[in-house]
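In our numbering, the protein residues as written are 440 to 586.
The beta-carbon is built from N, C-alpha and C at its ideal position, and this holds for glycine as well.
Remember, it's a predicted structure, so these values are computed and weren't measured experimentally.
Next up, the structure:
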C-alpha cells in the first residue's frame, strides 16, 4: 500500500468498524430474549446449508477458537437448538445439525431483525445497497486471503 492510500484505508476501516459495532448492538437488542448474535449466526448458517458441520469447521468458518465455538455450541445444545452427534466415519469427530427447535428459534430471530434491516435498506436505498454488495464481497474475499 502506498502512503497516499493510508488515510483512505484508515477511513474505510474506521467506518467498517463503527458500522459493525452499531449493527451488532442494534441486532442484539432486537433478537428474542436469551438469544445472542453468535447463537443466531450459527443457527442461520446451519439452516442455510442444511447439512452437518463439525465443530472445528464451524470455528474455522466463524474465525473463532475451537473453545469459543464449543462454548456457543454447548449453549445451543442445552437450549435444544442443535444436536451434536458422533461422526460415524471418524469416531474422534462430531457433527452438528440444527434441530426443529433451532429452526424455529432462527426463524423467530430472523422475523425480529428483518424489520430493522429492511428499515436501514429503505433509508439507504435498495439501489445503493445492491451496488455496494459486490464491493463488500470483494473486501471479504481479500480479507480472507490475508490470513
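Query raised in the report: Taking the runs of the beta strand (DSSP E) that are 3 residues or longer, which of them lie wholly in the stretch 515-572?
Result: 521-525 and 533-537
Query raised in the report: Taking Cβ to Cβ, would you say residue 471 is nearer than 7 angstroms to residue 557?
Result: no
Query raised in the report: Relative to the C-alpha of residue 481, which residue among 551, 581 and 500 is closest?
Result: 500
Query - Helix, strand or coil at residue 492 [DSSP, three-state] - result: strand
Query raised in the report: From residue 504 to residue 496, what distance separates their C-alpha atoms?
Result: 11 angstroms
Requested in this report: List the whole-angstrom C-beta distance separating residue 515 from residue 494, where the pair is believed to meet the contact cut-off of C-beta under 8 angstroms.
Outcome: The pair is not a contact, with the Cβ atoms about 11 angstroms apart (cut-off 8 angstroms).
Requested in this report: Indicate the three-state DSSP secondary structure (helix, strand or coil) for residue 501 in the structure shown.
Outcome: coil
Query raised in the report: What whole-angstrom Cβ distance do residue 476 and residue 521 have, given they're in contact under 8 angstroms?
Result: Residue 476 to residue 521, Cβ: 16 angstroms. No contact.
Query - Cβ pair residue 523, residue 491 closer than 7 angstroms - result: no
Query raised in the report: Where does residue 461 fall in DSSP's three states?
Result: helix
Report task. Check whether the Cβ atoms of residue 469 and residue 552 lie closer than 7 angstroms to each other. Result -> yes
**Report entry** Alpha-carbon to alpha-carbon, residue 464 and residue 478
**Finding:** 15 angstroms
Query raised in the report: How many whole angstroms separate the CB atoms of residue 579 and residue 483, which I take to be in contact at a CB cut-off of 8 angstroms?
Result: Not really, about 16 angstroms apart at Cβ, beyond 8 angstroms.
Query raised in the report: In chain order, what residues of the same chain have a beta carbon less than 7 angstroms from the beta carbon of residue 525, not counting five sequence neighbours either side?
Result: 533
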